[in-house]
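For reference, the structure discussed in these notes is given below.
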Amino acid sequence: MKALSMLDRKLVRDLARLWAQSLAIALVMACGVMTLILALGATRALEDTRAAFYDRTRFGDVFASATRAPESIKTAIAAIDGVSAVQTRIVNAVIIDIKGMAEPATGMVISIPDHGEPAVNRLYLRSGRFPEPGRDNEATIIEAFADAHGFRPGDTFDVLINGRKRHLVITGITLSPEYVYAIGPGDMVPDQKRFGVIHMHRSVLEGAYDMKGAFNDVSLTLSRSADKDEVIAQLDTILKPHGGTGAYDRTDHMSDAFLDSELTQLRAMAQVIPPIFLFIAAFLVNMILSRLIALEREQIGLLKAVGYSNAAIAWHYAKLTLAISVVGVAIGGIAGTRLGHGMASLYGEFYSFPFLVFSQEPDLYVISTLVTFAAALIGAANAIMGAVRLPPAVAMRPPAPTRYRSLFGGSAGGFRLPFSQLTVMALRHLVRWPLRTALTTLGTALPVALLITSLFAFDSVDHMIDTMWFRADRQDATLTFALDRSEDAVRDVARLPGVLAAEPFRAEAATLRNGHRSRNVQIIGSNPRTDISRVLDEEFAPITLPPAGILLSERLATHLGLATGDQVEVELNDGQGRKVMVPLVGVTNSYVGLTANMSREALDRLSGQGSRISGARVIVDDNRILDLYDEVKQTPAIASVALQRISLKRFRAVIEENIGISITIYVSLAVIITFGVIYNSARIQLSERARELASLRVFGFTNREVSSVLLTELGVMVILAQPLGWLIGRSFSVLVAKGFESDLFRIPLIINPPTYAISSLIVLGGALVSALIVRRRIDRLDLIRVLKTRD
Amino acid sequence: MLADLPSTKGTIFDISGLTKIYRTGEVEVRALNGVDLTLEAGEMAVLLGPSGSGKSTLLNIVGGLDRPTSGSVKFKGEELAGASDRDLTAYRRDHVGFVFQFYNLIPSLTAWENVALITEVASDPMTPSEALSLVGLEARMNHFPAQLSGGEQQRVAIARAIAKRPEVLLCDEPTGALDSATGIIVLEALARVNEETGATTAIITHNAGIRKIAHRVYSFLDGQIASCELNEERIKPSEVSW
Ligand SMILES: Nc1ncnc2c1ncn2[C@@H]1O[C@H](COP(=O)(O)OP(=O)(O)OP(=O)(O)O)[C@@H](O)[C@H]1O
Ligand SMILES: [Mg+2]
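First to last, the protein sequences are chains A and B. 3 is the number of the first residue of the first sequence in this note's numbering; add one for each residue after it. 106 is the number of the first residue of the second sequence in this note's numbering; add one for each residue after it.
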């Protein structure tokens, strides 16, 4: 065994002596490594799995639906330049009646070819088999729905298809690339129990919907060189006469868009959080190493004098830095891997993939290690350079005494600060090293910011819940008819059991245009003065819908480049191709989707087909809700039902679960940073000022008074850090909210005062504990030793 | 001049059988080995002795910084040997002024503030400016330690020690780091303070010449008092041959 060199022995002893500080730094690094591995690993897991799954199932590139298009136009679609495969289908909303479940579930029934696999959007068969030709009552269902109800192949359930109740036999359990993230109408988060996707043979659905030789949905895959926008434009032209509602690509595909927004979040996390930790770690390494080198000036001079090279000395301190980093990387690597598995299984709850493995490829660990080493060495660099630059002779002399300045210049004047001399000591020390003070303050502000950035989501969600469920869409349920009905139908709805009030609405798919900008949306027509479901203006006040003109959500208006007073071209996708200029009369507030609202009257006029309604929003008597459920399950005219109350419950449940997880994670991260920063800076102050503080004890100051010097200094930085942390936290939150924003939903930026307060309290608590640990060392200062030695 | 001895005011320290043993592993060092000694109120005592003979150890115990292994230290009749940490802190704060070889000034405080540090918590202090003029430093009040010479720093330390009008002034090699001319200035400051405030003053020194300025001289050897002499004739600090 080769004996350790003397320098390495010193290294080991230094580490042993500085273990607590080193560990605190290593933990901060570990957080950086952990979050990096977690974010990169999860990003990769999702990206790779998604790509593989889409590839295998030939997930479409372009999607469109129509009212009813003849199968014969498929050839024209296939002939569009760049289209590599076409799949026409029959797709409809249905109501599912599950035995033992009071509320009706909703679902989609989608056709699959009687023979062979679909050309686009294939299914991944988890178990069982596909329906056999000729068996009208066979169907497959998606796994999430099956799991929620414990369905297995051979089980049966009832479904209302085009007004007729059918008893279906499940032959297989499937996964669909279109429903990786399966979300029902009116829901904000997946509710696996209440939303099912059913696949049945085309011939069966042709019969059920009277669609022989016709389709109402088409998906395309494109060749690599295809011009997507051109394909979409041509497809729109082909489908327009058949009630095409506007083709769209994956960006607007619900399931994929949700996956994308998760990926956006993960990438943002990878870009923001690990750098925060690594920055703080670098700063801490710099602090501890600068102090160590200052204390060891004489040793360094001696080493140089006896012939150690600069490189040997630099390497010695670099090794110390790397040793700390190794510990950080190891802890972070293990924690990241374990949390990664947790995260993957959490994803498994929301996303239906055939498999989802947390990526553990070695390069992930190599990257994290290198990044951490680099950050630590950058932090160490200037301290090490200081050691290298020390000329041996100078190094052997004690350093010149620290020069302090008066706080306010006037050193000759008789001006006295209104503080005790103990406080003056603390303050002078603070301004003596302004950069260090600033960085320590920043280092304490960052955990506050991190907490605000993670906790603000709950304020925003609260606000969203309040706005969406209590101010805007206050209905208990929304019933949608299979076909548009005359106005009288709302009276039928009002007569349903348990319905206390009903408000009709009309929904029309339309294309809105302004110059070259265009957008496919649903225009919702409602009564001018609604009470149940209301349109809110930008101040969240309900709007009375004007007799003419259209209201657009802010995001939609921005998309189209429109301001109130402008004209927008509206073309209803009813196959008639009429384009009408409609004035934009107001901008509305909406957190979900791109919404367009008109008064029903105006929409009726626009369509030119008289007064029609698509459904009704209802308020239901809680005591009779089960009767309503029963009735809905039996009523052929109702194609779909969104249960807003239940959506809200489910949303709250999911959010609450997430609150628990993220509070635990972020509070731990924040406490670790706080501890790392405060403990280290307290220890370093203590090391620099041990002599001073011990002198104070000699003069008869009590432990409490002596500690107050140190604690005042820390306290000032910690207090200054709070407003700074709030400011940074707010800016981070703005970025996060912006990053989340998509056409599907956006998160309002709401940060309530308690969120600032809680974030600060957590950090203050962490700081206090760290300071108290250091205080115990002040109580044990060796008074006599400092008298014997010169600094 | 025996008449100079202010013994009429009585004994302020009564030390008997004082022993201090340091144990480091197997080795046992008897730093003090049965010291008996008294200090009279208002007198100036000089402690002499070779290095390692136990002078600092004694001074630290008398100053309430350390505790003896056995024996008794009575300050105005109160036993210090078994006092609690808290009591010793209060004792130092209320009664003792220290001056050390390495000054131990707070680098972040000016001369005035270094003195004010002590006067702020004392019950009947002089003003920092008064204390600084006693040592002839009124002109350098607003200088930081880094801007003062060694002798000036030591005088600030003396001003700081006397500003609270302590009953006891303990000085461990106050001139140890100074040249002769500066050393004399510092000694003059100490003598003046002793005279004007009546503080019982104990000075450790290696300079045998200094003995002559004291009322009483104790000589240490191997942790014991080898001799105690009273000076019939005291000389002025300026007459000390260095
Ligand atoms: N903390 C300690 N641990 C062990 N031994 C000690 C300790 N402090 C002092 N000693 C020993 O006690 C003895 C007396 O020390 P002390 O400092 O009192 O001597 P001194 O007379 O002041 O010497 P000098 O004139 O060199 O300052 C010495 O032998 C010293 O080595
Ligand atoms: Mg000594």
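We treat Cβ as the ideally placed atom computed from N, Cα and C, and that holds for glycine.
The beta carbon of S346/B sits no closer than 6 Å to any heavy atom of ligand 2. Taking 6 Å as the cut-off, one finds at least one heavy atom of ligand 2 near enough to the beta carbon of S161/B. A straight-line Cα-Cα distance of about 11 Å links S710/A and L698/A. Secondary structure of A550/A (DSSP, three-state): coil. Of the heavy atoms belonging to ligand 1, at least one sits nearer than 6 Å to the Cβ of S158/B. Taking S227/A as the centre and dropping the five residues before and after it, the same chain places the C-beta of G84 closer than 8 Å to its C-beta, in chain order.
In terms of CA proximity to Q273/A, L737/A leads the group L737/A, F260/A, D629/A and I315/A. In chain order, F701, G702, F703 and T704 make up the part of chain A whose C-beta sits under 9 Å from the C-beta of R198/B. Under the DSSP definition of a beta bridge, P544/A partners with L538/A. Rounded to whole angstroms, the Cβ separation of T124/B and S156/B is 20 Å, and the two are not in contact under 8 Å. Taking 7 Å as the threshold, the shortest C-beta distance from T194/B to chain A falls below it.
For F217/A, the three-state secondary structure derived from DSSP is strand. Secondary structure of Y250/A (DSSP, three-state): strand. Three or more beta-carbon pairs drawn from the segment 155 to 164 of chain A and the segment 93 to 109 of chain A are found closer than 8 Å, and the two stretches are therefore classed as touching. Contact of D171/B with chain A by beta-carbon distance below 7 Å involves I786. For F325/B, not one C-beta of chain A is nearer than 7 Å to its own C-beta. CA-CA distance, E505/A to D533/A, rounds to 8 Å. For A41/A, the CB contacts under 8 Å within the same chain, skipping 5 residues up- and downstream, are L268, R269, M271, A272, I275 and P276 in chain order. Counting C-beta atoms within 10 angstroms of its own C-beta, G563/A has fewer than 16 neighbours from the protein chains shown and is therefore classed as exposed.
Here the alpha carbon of A136/B sits roughly 24 Å from the alpha carbon of A282/B. With a threshold of 16 other beta carbon atoms within 10 Å, W728/A meets it and is buried. A723/A sits away from T374/A, with the two beta carbons spaced by 7 Å or more. For L127/A, the CB contacts under 7 Å within the same chain, skipping 5 residues up- and downstream, are G174 and T176 in chain order. Taking the Cα of L429/A as reference, the smallest distance to any Cα among E571/A, S762/A and R407/A is reached at R407/A. Judged by the Cβ position, V134/B qualifies as a neighbour of ligand 1 at the 6 Å threshold, a heavy atom of the ligand being closer than this.
In terms of CA proximity to V140/B, S332/B leads the group I309/B, I340/B, L193/B and S332/B.
Here P585/A carries a strand assignment [DSSP, helix/strand/coil]. When beta bridges are read from the DSSP output, Q329/B appears opposite L326/B. Look at the segment 424 to 450 of chain A: the residues with a C-beta under 8 Å from a C-beta of chain B are L424, V426, M427, R430, H431 and R434.
If you look at Y631/A, you'll find it in the alpha helix (DSSP H) that goes I627 to Q636.
It is roughly 11 Å from the alpha-carbon of A389/A to the alpha-carbon of V396/A.
For E133/B, the beta-bridge partners assigned by DSSP are R128/B.
Under the three-state reduction of DSSP output, P506/A falls in the strand class. Close to I223/B, with beta-carbon spacing below 7 Å, are these residues of chain A in chain order: F701. Look at the segment 237 to 258 of chain B: the residues with a C-beta under 7 Å from a C-beta of chain A are N247, F249, P250 and A251.
For D781/A, the CB contacts under 7 Å within the same chain, skipping 5 residues up- and downstream, are N705 in chain order.
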